[in-house]
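Colleague: Okay, here's the structure, questions in a sec.
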Amino acid sequence: MEYNFREIEKKWQKRWVEEKTYQVTEDDSKQKFYVLNMFPYPSGAGLHVGHPLGYIASDIYARYKRLQGFNVLNPMGYDAYGLPAEQYAIQTGQHPAITTVNNIDRYREQLDKIGFSFDWNREIRTCDPEYYHWTQWAFQKMFNSYYCNDEQEARPIEELEKAFAIYGNEGLNAACSEDISFTAEEWNAKSEKEKQEILMNYRIAYLGETMVNWCAELGTVLANDEVVDGVSERGGFPVIQKKMRQWCLRVSAYAQRLLDGLDTIEWTDSLKETQRNWIGRSEGAEVQFKVKDSDLEFTIFTTRADTMFGVTFMVLAPESELVAQLTTPKQKAEVDAYLDRTKKRTERERIADRSVTGVFSGSYAINPFTGEAVPVWISDYVLAGYGTGAIMAVPAHDSRDYAFAKHFGLEIRPLVEGCDVSEESFDAKEGIVCNSPRLDVTPYCDLSLNGLTIKEAIETTKKYVKEHNLGRVKVNYRLRDAIFSRQRYWGEPFPVYYKDGMPYMIDEASLPLELPEVAKFLPTETGEPPLGHATKWAWDTVNKCVVENEKIDHVTVFPLELNTMPGFAGSSAYYLRYMDPHNHQALVDPKIDQYWKNVDLYVGGTEHATGHLIYSRFWNKFLYDMGVSVMEEPFQKLVNQGMIQGRSNFVYRIKDTNTFVSLNLKDQYEVTPIHVDVNIVSNDILDLEAFKAWRPEYKTAEFILEDGKYVCGWAVEKMSKSMFNVVNPDMIVEKYGADTLRMYEMFLGPVEQSKPWDTNGIDGVHRFIRKFWSLFYSRTDEYLVTDEPATKEELKSLHKLIKKVTGDIEQFSYNTSISAFMICVNELFNLKCSKKEILEQLVITLAPFAPHVCEELWDVLGHETSVCDAQWPAYNEEYLKEDTINYTISFNGKARFNMEFAADEASDAIQAAVLADERSQKWIDGKTPKKIIVVPKKIVNVVI
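Just add 58 to wherever you are in the sequence shown, counting from 1, and you've got my numbering.
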């Protein structure tokens, strides 16, 4: 029977659906294993060959674990909210829901062709009200919670309200936006609105004034990773820094737990380090500086308290509220101009850019350790969100302060004995302190650090700060609270209405609050988000339902929130929903959550290291505090797949003609390289007729060929439509089959590495599958499989493969597994092996990689159940033992001939046999050997 991959793949894809092969339920008799791919966004372009890389890698592992007897959960769904669908709606008027459904249908069609073992019965879409019901529910829980620093967990906000009524906030140790103080009497005397404003300071989901990346053209706030070089990644529109009242999530409260959790999970060291740096824990001191000739004072945070005597200027972040307070009338115009320029730069760009810019505020601050008045500057190398948004500058011992001081001619005062700061700052944290205070000045305070080591000086200064009420010792984190508002239409609605300007939650029983219809997807003429166009977007608190806006009376009917949630809202707890996707009463049933616990293997790109992977960990830790999630960490093991890059092809047009010259002849002409569609190129040879039909301007193209062919040039670039190097997996499946695509993507290189797509090698993988098929059927369609016992050589070849593939799958070294399959099949082919005993085990071992052909052959072998339900074979070391060893026989280090010995032959016997061999006599030449060296199982060297 011929290997007809098209018929075979359609047959088994249909049968898998009919027999519900991949549907899974909880089974206490089996150990669970949860495999998950990072949520895909269904774009209009569909999949290219780079997208399935991670899905194939995880699918192989999921199938392997199932064969090992695990109960495997391997779901798939769609992160369906996003800017592209909304931008398309703005351009065409087509509702984003229609665009999204069309895109999902296209994605699903493509995914099905590749033969994944997804349990589609569990499919979720973030834009489905049944799904975002639980996103809204979690938001409400966060709104009604605060974070207790003593207990290190989220607690009900009602606890604070009760405590405030009795004790005020004295002794309260809770995460908050700003430190405030009030008594019980003051609390009880406040109005409802005033109480709500105070509670907002503590809520985990809260409204706060924050600097954001504002894109006027898109009409929304963008995350840092959505902004590149001062413009939006989508559309290239200008982005500025702007202060806005936004919904935020108090992610910073979980900073230490996010750090600690990294020690409990199996992620790469590099990814863990990225998260540690992003969270940015530092221990130091907060110190108060008074403003000269003013009642104002401000706080700085420093990890180098030992350098207080070297402060020669202060720097404020451009966004700091202190800028307006400290800028003198004389400096105002210059400061305003500088602030206008910095608005166009995101924080990420400011961190990366090492150029020096700044402006003097006109004010001075008093150093509490020296009494000196030091100038206060404004510069964008200081960020408002880290520390206090103000720094003390010690240019002798900080590289950025040093560059700033050099640029603006400010004093650089060294504080370490023998350090040279003539060319650069001395940043090392080792040495003996000096100039603290300087010996030629009258001490301003009774602290001296001179003669101490830096480590001693840091601790001494922190103690002094605390004892003299100059500030406090503090642990600081770089991690910011997450901005949780978007001024867009296509996103989850907030379950929030406004009463007297303050937010209130709609009743939990009334969830989900569904996205309303709007006439336009753009912001309103008055600058409100698109939901401002909704005519039925008010909350009736009596009837607990959405009503027309005209009924708003601010007594029982109130306006609803006009912002929507950001992209990460729906992808933060989706792994829990996959466990129990049809539950209408809860996010997940506790018993089901107890069974699946968390994700055992999570596969996705490294680009999510500081976005999704931070937010989802935070979200899950909050749900853990709520008793919803049984595990504190959502993703136990994480594998980052690399990117498949495009392999572009080029044709070379002779200047001012429509003639194209082949690659190796192009240097004879003045040519322009032009990208050509890789789908009309095979092994770098251009299909001339397809090229003429590709574009109208090439219809009359002429060619200068080499050996009758047009050879294209090539380069490795990002896979993109503009470079015509996008390879559609549908075309590969149609031409070679899904099993070939799956194996070839893994054969390209290690899963974690980026590598170029090169169709030139795909024929080899396809030939391998055909050769594998030929072990079962002859060219004349004769069924070859017999029940004869396997030979020693056949068993050795099979068990060598099983051992190799078992180890490789565990290490995600799929490319070397495929090489091992090719070697084994070649060996069995040369041995003319057609033994069922061998082929049955071979089919099971290959099944995770090439499931369609293996299902077919498993069926042919007489099995009535799916190969998915077979048992993964165990290798037997006995079959791998060598009976004989081939030794190289050398004389004075030069190899002369080879001899076979039993694997367990003793060294003395080997020496005697070598000397007795007549070939040795020629090289010994009658002399007596000085010694004979036997390297076990490798070489014998006779020294003469």
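We put the beta carbon where it would ideally sit given N, CA and C, even for glycine.
1) Please state if the CB of Leu320 and the CB of Val349 are separated by a distance shorter than 8 Å.
2) Going by C-alpha distance, which of Ala515, Phe616 and Phe826 is nearest Gly489?
3) If distances are taken between C-alpha atoms only, which option among Lys390, Leu374 and Leu280 comes closest to Gln299?
4) Check whether the Cβ atoms of Tyr460 and Ile449 sit closer than 8 Å, and answer yes or no.
5) Taking just the CA atoms, how far does Phe197 sit from Leu473?
6) I need the DSSP call for Trp981, collapsed to helix, strand or coil.
7) Applying the 10 Å Cβ sphere with the 16-neighbour rule, what's the burial state of Ser457?
8) Under 8 Å: do the segment 705 to 715 and the segment 754 to 773 share three or more Cβ pairs, one atom per stretch?
9) Cβ atoms of Leu589 and Val605: under 8 Å apart, would you say?
10) Around the C-beta of Ser892, are 16 or more other C-beta atoms found within 10 angstroms, so that it is buried, or is it exposed?
11) Answer yes or no: do Asn129 and Asp177 have a C-beta to C-beta separation smaller than 8 Å?
12) Span of the alpha helix (DSSP H) holding His1023?
13) Quick one: is Met623 buried, meaning 16 or more other Cβ sit within 10 Å of its Cβ, or exposed?
14) Tell me, please, which residues DSSP counts as bridged to Leu374.
15) Quick one: any contact between the segment 101 to 115 and the segment 163 to 171, if contact means 3 or more CB pairs under 8 Å?
16) Which two residues bound the contiguous alpha helix (DSSP H) that contains Met96?
17) The beta strand (DSSP E) with Tyr555 in it runs from where to where?
18) With DSSP as the reference, label Gly3 as helix, strand or coil.
19) If you run the structure through DSSP and keep just helix, strand and coil, what is Glu341?
20) Please report the distance separating the alpha-carbon of Phe371 from that of Ile672.
21) Which class does Tyr933 belong to by DSSP, given the choice of helix, strand or coil?
22) Examine the Cβ distances between the segment 851 to 860 and the segment 878 to 892 and report whether three or more of them are shorter than 8 Å.
23) Lys939 to Lys858, Cα distance in whole Å?
24) If you draw a straight line from the C-alpha of Gln89 to the C-alpha of Leu886, how long is it?
25) Among the candidates Val697, His921, Arg315 and Phe830, whose CA atom is the shortest distance from the CA of Arg675?
26) If you draw a straight line from the alpha carbon of Thr817 to that of Asn722, how long is it in whole angstroms?
27) Work out the CA separation of Phe462 and Asp394 for me, nearest whole Å.
28) Throw me the rounded Cβ distance for the Ser419 and Val434 pair, which I believe falls under 8 Å.
29) What would DSSP say about Met560, mapped onto helix, strand or coil?
30) In this structure, how does DSSP classify Tyr136 when only helix, strand and coil are distinguished?
31) Got a sec, what are the start and stop residues for the beta strand (DSSP E) Leu131 sits in?
32) Of all the alpha helix (DSSP H) runs that stay within the bounds of the segment 618 to 681, which reach a length of 4 or more residues?
33) Note down the Cα distance separating Thr614 from Val554, rounded to an integer number of angstroms.
34) Where DSSP assigns a beta bridge to Pro214, which residues make up the other side?
35) Taking contact to mean at least 3 C-beta pairs separated by less than 8 Å, is the segment 795 to 810 in contact with the segment 776 to 784?
36) First and last residue of the alpha helix (DSSP H) that includes Trp752?
Modeller: Once the coordinates are examined:
1) 8 Å or more divides the Cβ of Val349 from the Cβ of Leu320.
2) Ranking the options by Cα distance to Gly489, first place goes to Ala515.
3) Here the closest residue by C-alpha is Leu280.
4) Cβ atoms of Tyr460 and Ile449: not closer than 8 Å.
5) For Leu473 and Phe197, the distance between alpha carbons rounds to 50 Å.
6) In the three-state reduction of the DSSP assignment, Trp981 falls in the helix class.
7) Here Ser457 is exposed. Its C-beta has fewer than 16 other C-beta atoms within 10 Å.
8) Segments in contact, yes.
9) Their beta carbons are not under 8 Å apart, which means Val605 does not touch Leu589 by this criterion.
10) By the neighbour-count rule (16 or more Cβ atoms within 10 Å), Ser892 is buried.
11) For Asn129 and Asp177, no; Cβs fall outside 8 Å.
12) Any answer about residue 1023 is impossible in this case: the structure gives the chain only from 59 up to 1002.
13) Burial check for Met623: the Cβ neighbour count within 10 Å reaches 16 or more, so the residue is buried.
14) Ile436 and Ala448.
15) Taking a cut-off of 8 Å for Cβ pairs, the segment 101 to 115 and the segment 163 to 171 touch, as three or more such pairs fall below it.
16) Segment: none, Met96 is in no alpha helix (DSSP H) and carries neither H nor E.
17) Counting along the chain, the beta strand (DSSP E) containing Tyr555 begins and ends at Val554 to Lys557.
18) Because the chain is modelled from 59 through 1002, residue 3 falls outside the range shown and cannot be assessed.
19) Strand.
20) Computed Cα separation, rounded: 36 Å.
21) If DSSP states are grouped into helix, strand and coil, Tyr933 belongs with coil.
22) The segment 851 to 860 is in contact with the segment 878 to 892.
23) When rounded, the distance between both Cα atoms is 10 Å.
24) Their Cα atoms are separated by approximately 35 Å.
25) The candidate whose alpha carbon is nearest that of Arg675 is Arg315.
26) Going by the C-alpha atoms only, they are around 21 Å apart.
27) In this model, Asp394 and Phe462 are separated by some 20 Å (Cα to Cα).
28) With a Cβ gap of about 5 Å, Ser419 and Val434 count as contacting.
29) In the structure shown, Met560 sits in a strand (DSSP, three-state: E or B).
30) In this structure, Tyr136 counts as strand in the three-state DSSP scheme.
31) Asn129 to Leu131 is the span of the beta strand (DSSP E), which, as asked, contains Leu131.
32) Fully enclosed alpha helix (DSSP H) runs of no fewer than 4 residues occupy 632 to 637 and 648 to 654 of the segment 618 to 681, in order along the chain.
33) When only Cα atoms are considered, Thr614 and Val554 end up about 14 Å apart.
34) Bridge partners of Pro214: Ser203.
35) Contact between the segment 795 to 810 and the segment 776 to 784 is not established, with fewer than three Cβ pairs separated by less than 8 Å.
36) Where Trp752 is concerned, the enclosing alpha helix (DSSP H) stretches over Leu746 to Trp752.
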